[in-house]
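Here the structure comes first, spelled out in structure tokens, and everything after it is commentary.
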Amino acid sequence: MALIEVKNVTKFYNSGEGQVTALGGVNLTVQKGEFLALMGDSGSGKSTLLSVIGALNPPTGGKVLIDDIDVYDLSSERRADFRSSYIGFVFQQFQLIQYLTVVENVMVPLAILNYNHKEQLEMAKKVLKKVGLENKMRRLPNQLSGGEQERVAIARAIVNEPPIILADEPTGSLDSKTGEGIMRLFQSLNREGLTIVMVTHNRENLKFVKRTVSMKDGLIKNQEN
Amino acid sequence: MRLDSIAINSLKRRKTKLLFMVLGMVIAVGSVVALHSLTAAMNRELAATFDEIGANIIVKPNTADYAVSYGGVSIPSSGEEALLSSDDIIKINTIPNRDNIAFVAPKLLGMVEYQKEDVVLVGVDFQYELKLKKWWRFQGENPLAVNHLLLGSKVASKFNKQPGDKMKINDREFTVAAILEEQGSDEDGIIFAHILTAQEVLNKKNKVSFIEVAAYCTSCPIEQIIAEIEKALPHARVTALAEAVQLRQQTIDRLSNFAYFFSILVTLIGSVLIMLTMLSAVSERVSEIGIYRAMGYRRSNILEIILTEAAVIGLIGGALGYVLGISSSRLLAPIVAEMQISISWNPLVGVTVILFAVIIGILASVYPAVKASQIDPVEAFRFI
């Protein structure tokens, strides 16, 4: 069953040197429960495609359907609600809120939902245990290693149980051993049923994914299982 | 965790920014509070000082042809004079603005003969007269009994009288309660008696020559009080001691105008400062706000976070500003105002000041908050 359908999506940017094509007409279908890697050189359009799938970046043309919902047909505020229920993001450089503790960072997506403090805390503890950080809950992000910060970012992405995880270069700032640990974590989350789309340019990561899509110049070049 | 916890944590863990914004608010609130406390206290002190000058309204009957005068009022040389009555005192005490009348001091003037000499006798209500004439110093006891007399210094030396001596005027016996120290005015040649006794001695029962009224308040217009007395006593002429009243009013007006102008200026500068600091904070937090938006935060959620931060800054700044304002005005009052003034803590004013600071903080942050709420969620992917 197709969970994500990208239909002939284009994205053009205006720069000082004229129009730049970030996506030149992309078609992609992601099935429920897939673990997909988007590969490509810098500037190939993979991160743009990820942000378009994530309902963050309206395309210039084409459609994005997630769970049969045309996400860019929704108003900006409805799209925010949609992101809250459907998508968990793991950003490059972790993007944790520096003034919040580990557990508070994980609770951020829950603060706008109808959970009381006790329920929020229990949900956050549960996912922090899953990523192996239950004993570092009260620390601030700058008191953690890069790998630990990545784990917090993953815990934050899955705490409200969205069906899709979008990860942008999740191992880009980590050494290979820590990066492998993170990929194993993604793999186990995928085995639990989460659909994961990950942007990477590290070929080592491909052994953990189910399908790889290569991009070049804003177009999909080939797909491998 | 709620949105306000995010706002409070954001402030708590970015202390330098918080300190800077709170400091701006404290200085603004503190200066406004200090200035208003100082001017309000100075107004009170000025009012009290002017009260000491004495009466500022004189109520007289419409008369002409005077021979003897006292306090700007004269006694006719002959014939019937127009007089006010004791009822008029009650009428003055019942005007709508009666709360602003400090006291009413009636007087009855007349000539009496003592040891074959003509002397001016003035009947007064000693209770109020002594409050009105705070500068009076006399030897002897307070002349409060109905048969007590207070003699002007010239009268006392002319008839060789001492406190405790007896005097018989128009067949009635009096005791000299006190001798007034030399005043260098008409008062030195006057015998003061209790007004009820004077009315009997002068055979002018229930009559009053003129009434001095001491009216004051820091905000009420003296003209209004005069108009009300005129309405109550159509047969009388009511005049204000214009110079004293105008001087007081002008001084208070100038101080108040300065305080208001300064407050508006400081509030404006403070608001702009908060707005600019908030704008700079928002531009530093583009990526962070992008993350919140990417995670599904609505624009209203972002507005709530930023405005809660502003309210907290207003709350802390307002409270500290009030403390600073009152403390500094207490410290500075003797130097700035050159007078001993009392400035006290007032919880109601404190709460109002804090509320005002919170509102100013929120209003000044509306624009930065709206800007923040418009940040594109794709900013979370800033490095794209």
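The listed protein sequences correspond, in order, to chains A and B.
Sequential numbering from 2 applies to the first sequence in this note's numbering.
Sequential numbering from 6 applies to the second sequence in this note's numbering.
Each residue gets a CB set at the ideal place from its N, CA and C atoms; glycine is no exception.
What you are looking at is a predicted structure, and each value in this text was computed from that prediction instead of being measured.
| Item | Value |
| --- | --- |
| Alpha carbon of asparagine 203 of chain A to alpha carbon of isoleucine 98 of chain A, nearest angstrom | 26 Å |
| Element boundaries [beta strand (DSSP E), containing serine 16 of chain A] | 3-16 |
| Nonlocal neighbours in the same chain, by C-beta distance under 7 Å from tyrosine 327 of chain B, ignoring five residues either side | Val34, Val38, Gly355, Val358 and Ile359 |
| Length of the line joining the Cα atoms of isoleucine 94 of chain B and phenylalanine 143 of chain B | 27 Å |
| Inter-residue spacing [alpha-carbon to alpha-carbon] between proline 60 of chain A and serine 45 of chain A | 16 Å |
| Contacts that isoleucine 108 of chain A makes with chain B (C-beta to C-beta distance below 7 Å) | Before going further, note that residue 108 of chain A is methionine rather than isoleucine in the sequence given. Neighbours of methionine 108 of chain A on chain B, chain order: Met6. |
| Length of the line joining the Cα atoms of leucine 88 of chain B and lysine 212 of chain B | 6 Å |
| Reduced DSSP category for isoleucine 113 of chain A - H, G, I as helix; E, B as strand; rest coil | coil |
| Per-residue contacts from glutamate 293 of chain B into chain A (C-beta, under 7 Å) | Ile98 |
| One or two residues paired with serine 90 of chain B in a DSSP bridge | B/Lys212 |
| Proximal chain B residues relative to asparagine 143 of chain A, where beta-carbon distance stays under 9 Å | Those do not exist, as asparagine 143 of chain A stays about 11 Å from chain B at its closest Cβ, beyond 9 Å. |
| Residue burial classification, tyrosine 14 of chain A (beta-carbon count within 10 angstroms, cutoff 16) | exposed |
| Methionine 6 of chain B to tyrosine 372 of chain B span [Cα, whole Å] | 26 Å |
| Alpha carbon of arginine 19 of chain B to alpha carbon of proline 101 of chain B, nearest angstrom | 58 Å |
| Cut-off 6 Å between Cβ atoms - residues of its own chain near glycine 330 of chain B, not counting five sequence neighbours on either side | Gly35, Val38 and Ala39 |
| Residue nearest to histidine 41 of chain B in terms of C-alpha spacing, selected from B/Ile340, B/Ser370 and B/Arg335 | B/Arg335 |
| Closest residue to isoleucine 310 of chain B among A/Tyr87, A/Ile54, A/Ala112 and A/Thr49 (Cα-Cα distance) | A/Ala112 |
| Close Cβ partners of leucine 201 of chain B (< 8 Å) along its chain, the five nearest in sequence each way excluded | Gly128 and Val151 |
| Whole-angstrom distance between leucine 167 of chain A and threonine 49 of chain A, CA atom to CA atom | 12 Å |
| Buried or exposed (CB count within 10 angstroms, at least 16 for buried), valine 64 of chain B | buried |
| Opening and closing residue of the beta strand (DSSP E) in which arginine 212 of chain A lies | 212-217 |
| C-beta contact flag for isoleucine 367 of chain B and leucine 320 of chain B at 8 Å | no |
| Tyrosine 133 of chain B, enclosing alpha helix (DSSP H) - first and last residue | 131-137 |
| Sequence-distant residues of its chain with Cβ nearer than 6 Å to arginine 152 of chain A (five each side left out) | Val132 and Leu134 |
| Cutoff 8 Å: aspartate 68 of chain A Cβ touching any chain B Cβ | no |
| Chain-ordered chain B contacts of glutamine 121 of chain A [CB-CB under 8 Å] | Met6 |
| Test item: CB-CB of glutamate 205 of chain A and serine 177 of chain A under 8 Å | yes |
| Short Cβ contact (8 Å threshold) for leucine 24 of chain A with glycine 148 of chain A | no |
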